[in-house]
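To start, the structure under review is shown below, and the notes come after it.
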Amino acid sequence: MGKYSTRKSTNFEKLSNYFIEKCNVLGVELDLRKDSTFTLSTCSYEASGVWNINKDTLFLNHLKNNSSKDSIIDSAEINELKELKKKSEYYLIKDDKLIQSNETVDSESCKITLHLVK
142 MGKYSTRKST NFEKLSNYFI EKCNVLGVEL DLRKDSTFTL STCSYEASGV WNINKDTLFL
202 NHLKNNSSKD SIIDSAEINE LKELKKKSEY YLIKDDKLIQ SNETVDSESC KITLHLVK
């Protein structure tokens, strides 16, 4: 339980990711509460739902999702984001301070690392 977030990339990491075309996911925040509810925020949406742990895996079951609409995201992508409320996702727990997940963003496989903040 607690608040987790991606750490800020250094300028070197940003350049390295740009030129190597690796995926770099930033600005993700996850709040796991004692009552087994969560909120997950990114730059484009906020989801909430319930969580549970089975062995070394954290499961997030989305019950609600609010997406942000801006000039960059078209309406088809907004509809895709609305489908997240039906989504379940999982994170592997590596130690007490670190959660990892693999996602596909723009056909690139990404590793999202969340560090315990509080």
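Numbering (our numbering), first residue to last: 142 to 259.
Every residue gets a Cβ at the ideal spot worked out from N, C-alpha and C, and that includes glycine.
Computed from a predicted structure; not experimentally measured.
For L181, report the span of its beta strand (DSSP E) as first-last.
Per DSSP, L181 belongs to the beta strand (DSSP E) from 178-182.
Below 6 Å CB to CB, which residues in the same chain sit around L167 once its five sequence neighbours on both sides are set aside?
Excluding positions up to five away in sequence, the list reads T147.
Report the rounded CA-to-CA distance for S185 versus S208, giving the unit in angstroms.
If you draw a straight line from the Cα of S185 to the Cα of S208, it comes to about 6 Å.
Please say whether N206 and F200 have beta carbons closer to each other than 8 Å?
Taking 8 Å as the Cβ cut-off, F200 and N206 do not qualify as a contacting pair.
Within 10 angstroms of its Cβ, does S229 collect 16 or more other Cβ (buried), or is it exposed?
Per the 10 Å Cβ criterion, exposed.
Short check: CB of Y145 to CB of L255, under 8 Å?
Against a cut-off of 8 Å, the Cβ pair of L255 and Y145 comes out as a contact.
Nearest-angstrom Cα distance between S189 and T151?
Each residue's Cα considered, the two are about 30 Å apart.
Can M142 and K175 be called in contact, C-beta distance under 8 Å?
Taking the C-beta atoms as reference points, K175 is found nearer than 8 Å to M142.
With DSSP collapsed to three states, give me the class of K259.
K259: coil per DSSP, three-state reduction.
For L156, three-class secondary structure by DSSP:
DSSP places L156 in helix when its eight states are reduced to three.
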